[in-house]
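Just so you know, the protein sequences line up as chains A and B, in that order.
Take 0 as the starting number for the first sequence in numbering that gives the first Met the number 0 and just add one per residue.
Take 0 as the starting number for the second sequence in numbering that gives the first Met the number 0 and just add one per residue.
C-beta: ideal position from N, C-alpha, C; glycine also.
Comments concern the structure below.
2 protein chains.
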Amino acid sequence: MPARARLDVDERRRQLVALGLELFSSRAYDEVSIDELAAAAGISKGLLYHYFPTKRDFYVATVRAAAAQLVERTSTPSTGDPLERLRMGLDEYLDYVMEHEKPYSALLRSGVGADEEVARIVDETRDALCARLVEGVPLEAQGPLVRIALRGWLGFVEAATLDWLDAKRRVKREKLRDMLASVLMKAIESAV
Amino acid sequence: MPARARLDVDERRRQLVALGLELFSSRAYDEVSIDELAAAAGISKGLLYHYFPTKRDFYVATVRAAAAQLVERTSTPSTGDPLERLRMGLDEYLDYVMEHEKPYSALLRSGVGADEEVARIVDETRDALCARLVEGVPLEAQGPLVRIALRGWLGFVEAATLDWLDAKRRVKREKLRDMLASVLMKAIESAV
Chain A
0 MPARARLDVD ERRRQLVALG LELFSSRAYD EVSIDELAAA AGISKGLLYH YFPTKRDFYV
60 ATVRAAAAQL VERTSTPSTG DPLERLRMGL DEYLDYVMEH EKPYSALLRS GVGADEEVAR
120 IVDETRDALC ARLVEGVPLE AQGPLVRIAL RGWLGFVEAA TLDWLDAKRR VKREKLRDML
180 ASVLMKAIES AV
Chain B
0 MPARARLDVD ERRRQLVALG LELFSSRAYD EVSIDELAAA AGISKGLLYH YFPTKRDFYV
60 ATVRAAAAQL VERTSTPSTG DPLERLRMGL DEYLDYVMEH EKPYSALLRS GVGADEEVAR
120 IVDETRDALC ARLVEGVPLE AQGPLVRIAL RGWLGFVEAA TLDWLDAKRR VKREKLRDML
180 ASVLMKAIES AV
């Protein structure tokens, strides 16, 4: 394939993924049909299948893009008060979740089925977030329990956030965020 | 069906579930065949299907029994120092997980597929554990954030435990247990 045509395919894929992010942000995987995706993109079903052989391929690409967005959005300046940076990161995380409530719930409840590739993306995203969090821990204190504490804390964040969404957010985001931040501080303190 | 025959069926089912608990405790769902289950029970495949129409029915019954065991085993005396009782309950929890490492990992990673009934059992088990934990919180302090904190903490326990198992338990059980206990105390303190 000539370089130019290849570039066009990549660019077209990116555009379709951007559209997928939009459509899947308010509705679950099962609720969006291929017909609707093609119609929204203004292309035929046949052409959509040319870029993504199956609906699941398209969905996986969308999940991968959403994960990259989440990691990007929650990154904070590398200087400044650690607690303040943590709270900023958590604000971004909770904002992102509120904007993508449906796919967030579906993904973390495995509502889309046991798709190994999706599970791997979720796990790699947790790794990326852990890698960032561990930067805040002094190198000499980074024993095996610290990694367990960070993974545990992400489990706390996810479970608490799901419950918060279910409870129709009867709790202010700031209160949830502050609790999440205190728990991380305590977890690291107990682990080093 | 006469009452006596009915009783026999129930009793036979219980025996088969006990066998399932044993077989599934060391191996994942996919690794145990119906042939093997029938052979281990000393009955024909046809008879096994009489008690459980599908392998999944049998598996679901086993998961339900395992969940009940876990809730039972982690119950502690209703009097005494709360922190001490929490640590006792966590010791039992981690012991149980160590004895059922494979199904625990498979279940919580949704490795058995998106089985709604299994997912519901997992969720009801979390509810039962939360209900017990909330007893330790003064009634006037049981706002909506407390429930979120407890569900979040269970997410912490599960994610940390999975990571601890993956890390081939390079961390002593007691250190993990103490971290889990401190995190719960902090989570409740932040939530009330």
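- In terms of Cβ geometry, B/Ala186 and A/Gly154 do not form a close pair [threshold 8 Å].
- Listed along chain B are Ala148, Gly151, Trp152, Phe155, Val182, Lys185, Ala186 and Ser189, each with a C-beta nearer than 9 Å to that of A/Val182.
- Here B/Ser77 is exposed, its C-beta having fewer than 16 other C-beta atoms within 10 Å.
- Under the DSSP assignment, B/His49 falls in the alpha helix (DSSP H) whose first and last residues are Lys44 to Tyr50.
- Listed by position along chain B, the residues whose Cβ is nearer than 9 Å to that of A/Asp90 form an empty set, because the closest Cβ is around 17 Å away.
- Scanning its chain for C-beta atoms nearer than 7 Å, with the 5 sequence neighbours on each side dropped, one finds around B/Arg172 the residues Leu93, in chain order.
- CA-CA distance, B/Asp34 to B/Lys44, rounds to 6 Å.
- Residue range Pro81 to Glu98 is occupied by the alpha helix (DSSP H) that includes B/Pro81.
- Interface annotation for the segment 124-137 of chain A against chain B: empty, criterion Cβ-Cβ distance under 8 Å.
- Secondary structure note for B/Thr61: its alpha helix (DSSP H) is the uninterrupted segment Lys54 to Arg72.
- Here A/Leu179 has Leu89 and Val156 as same chain residues with Cβ atoms under 6 Å from its own Cβ, once five neighbours each way along the sequence are excluded.
- A residue is called buried once 16 or more other Cβ atoms fall within 10 Å of its Cβ, and B/Pro137, having fewer, is exposed.
- In chain order, Ala166, Arg169 and Val170 make up the part of chain B whose C-beta sits under 8 Å from the C-beta of A/Pro143.
- Flagged as an interface residue toward chain B: A/Leu175, by a C-beta distance shorter than 8 Å.
- With its beta carbon less than 8 Å from one in chain B, A/Asp162 belongs to the interface.
- When Cβ-Cβ separations below 8 Å define contact, B/Ala159 makes contact with chain A.
- The C-beta distance from B/Val121 to B/Val191 rounds to 27 Å, too long to meet the 8 Å contact threshold.
- The beta carbon of B/Glu91 is closer than 7 Å to those of Arg72 and Thr73 in its chain, skipping five residues each way along the sequence.
- Rounded to the nearest whole angstrom, the C-alpha separation of B/Leu107 and B/Asp7 is 34 Å.
- With a threshold of 8 Å between beta carbons, B/Met87 makes no contact with chain A.
- In this structure, B/Phe23 and B/Val16 do not form a Cβ contact; the two beta carbons are roughly 10 Å apart against a cut-off of 8 Å.
- Look at A/Met178: its C-beta is under 8 Å from a C-beta on chain B.
- Between A/Thr124 and A/Val59 the beta-carbon gap is near 13 Å, outside 8 Å, which marks them as no contact.
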